[in-house]
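Read through the structure below, which is laid out as structure tokens, and then see the notes.
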Amino acid sequence: MSKQIDPRGPRFGAAITTVVLAVILLTIPTSVATVLLGIQTVVFALGAFVGLHAQPYGIIYRKLVLPRIAKPTALEAVEPPQFAQFVGFLFAATGLIALLAGA
0 MSKQIDPRGP RFGAAITTVV LAVILLTIPT SVATVLLGIQ TVVFALGAFV
50 GLHAQPYGII YRKLVLPRIA KPTALEAVEP PQFAQFVGFL FAATGLIALL
100 AGA
């Protein structure tokens, strides 16, 4: 059986990611966009390759949000969110390479 996680953690991370990516889109082609995309790429890489426990948004969720809310009513397998982190990493890395190349 695969490891089970609170499904609200990845949703929390997705909300933060949405804000970060929106700021990136609004600040292209400045260095702010490049730095933020670099940071987001590292965040995706940690979630995909090290595990969701190492993903910074997950750490924020576990330390600051989870203690203040009710226990989850259902859990989900870790593999789908971790795969989503991998897909996000591929797209973010491609975008970062394009930004650094001046595209």
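Reminder that position 69 of the sequence shown reads as 68 in numbering that gives the first Met the number 0, one-by-one numbering, no gaps. Ideal Cβ positions, reconstructed from N, Cα and C, are used throughout, including at glycine. Computed from a predicted structure; not experimentally measured.
Can you find the residues in the same chain that come closer than 7 Å, C-beta to C-beta, to Thr26, ignoring five residues on each side of it along the sequence?
Here residue 26 corresponds to residue number 27 of the sequence shown, with the count starting at 1. Cβ neighbours of Thr26 beyond the five flanking positions: Ala32.
Where do the ends of the alpha helix (DSSP H) carrying Gln54 lie?
What you label residue 54 is simply residue 55 of the sequence shown in a count that begins at 1. According to the DSSP assignment, Gln54 belongs to no alpha helix (DSSP H), since it is labelled neither H nor E.
Run through the DSSP bridge pairs and tell me what Ile4 is partnered with.
Counted from its first residue, the sequence shown places residue 4 at position 5. Answer is Glu75, bridged to Ile4.
With a cut-off of 8 Å on the beta carbons, I'd call Leu51 and Pro80 a contact; round off their distance for me.
For this step, residue 51 is matched to residue 52 along the sequence shown. For this step, residue 80 is matched to residue 81 along the sequence shown. Confirmed, about 6 Å.
What is the residue span of the alpha helix (DSSP H) that Ile27 lies within?
The residue labelled residue 27 in the question sits at position 28 within the sequence shown. Where Ile27 is concerned, there is no enclosing alpha helix (DSSP H), given that its DSSP letter is neither H nor E.
Does the beta-carbon distance from Phe11 to Tyr56 come in below 8 Å?
Start at 1 with the first residue of the sequence shown, and residue 11 comes out as number 12. Start at 1 with the first residue of the sequence shown, and residue 56 comes out as number 57. Yes. Within cutoff.
Using the rule of at least 16 other Cβ atoms within 10 Å of the residue's Cβ for burial, across every protein chain shown, is Thr40 buried or exposed?
On the sequence shown, residue 40 is found 41 positions in, with the first residue counted as 1. It is buried - the Cβ of Thr40 has at least 16 other Cβ atoms within 10 Å.
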